[in-house]
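Read in order, the letters of the sequence shown are residues 0 to 180 in numbering that gives the first Met the number 0.
Beta carbons are placed, not taken as given, at the ideal position from N, Cα and C, and that holds for glycine.
Reading through the C-alpha cells given below for one structure.
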Amino acid sequence: MAPWVLLLLLAVADFARAQDFDQAPLDVTGSAETSKSSAPSASPLDASVELDQLLRLPSSMDFEQQERNGITAEAWKARFRESSAEIRAAQADIAKTKEELDGMSGQAGSGQWQMAPPGASSNTDVTPLSFRLREQLREQRVALEAVETKYRDLEIQADLAGVPDSWRTPPPVRAVREASN
C-alpha cells in the first residue's frame, strides 16, 4: 500500500479519536495542536479505531443493490434492448434495399453483372433508380455504423458502472459484407 494512503488513514483515525471538532487532528508530520487544554472525557469517539476497521467496508452496505451508476437494472436492460433493436432495424433496412437493388438489376436485362462493349450503352432505364438505391444503401450503412458505435459506447458505460452480463443484451450478429459493396 502506498505510504500516502497509510498517512491518510492515520489522519482519519486521529480525527475519529478527537473528542470534539475544535480539537485539531494530527497533521502529516506527527505534531498535534490542541485548542483546548482540558482533559479528555469518555465518549464513543475516544474508542481507538484500528487500521483493519478502516480498511473493511461497513456491514450495512448492500452489495446486491439493483442499481449501477444511479440507473436501475431494468433501465440498463431497456437500454441494451433498445440499442440491439436499433441495430436489427438498420440491418433489416440494408437487407431490404439490397433486395430491391438486386431485383432491379434482374429486371434490367441479363442480371447484376450486365456488361457492354466500350462505347456502347447498356440498358440505362434503371440507372437513376439504381443510383438512388445505391446512395440509400450507402446512407444505411453509415447509419448502421453509427448505431453500432452507440452500442459500443453503451457497453463501455456499462463496464465502467460495473453492470453484470445478465443485465445486457448481446448485439445482433453482423452479416458478413458481400463483395458487391
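Do L136 and K97 have their CB atoms nearer than 8 Å?
Yes.
What number of angstroms, rounded off, separates the C-alpha of G69 from the C-alpha of W75?
10 Å
R133: which of D51, L8, D101 and R78 sits nearest, CA to CA?
Proximity to R133 across D51, L8, D101 and R78 peaks at D101, based on C-alpha coordinates.
Residues in its own chain within less than 7 Å of A89 by CB, not counting five upstream and five downstream?
Q139, A142, L143 and V146
Length of the line joining the Cα atoms of A91 and Q52:
57 Å
For A115, three-class secondary structure by DSSP:
coil
On the CB-based measure, 16 or more other CB atoms within 10 Å of its CB, does A157 come out buried or exposed?
buried
What's the gap between the Cα of A72 and the Cα of D13?
40 Å
Just to confirm the assignment, what range does the alpha helix (DSSP H) spanning D51 have?
Per DSSP, D51 is one residue of the alpha helix (DSSP H) stretching across L50 to L54.
Under three-state DSSP, which class holds G161?
In this structure, G161 counts as coil in the three-state DSSP scheme.
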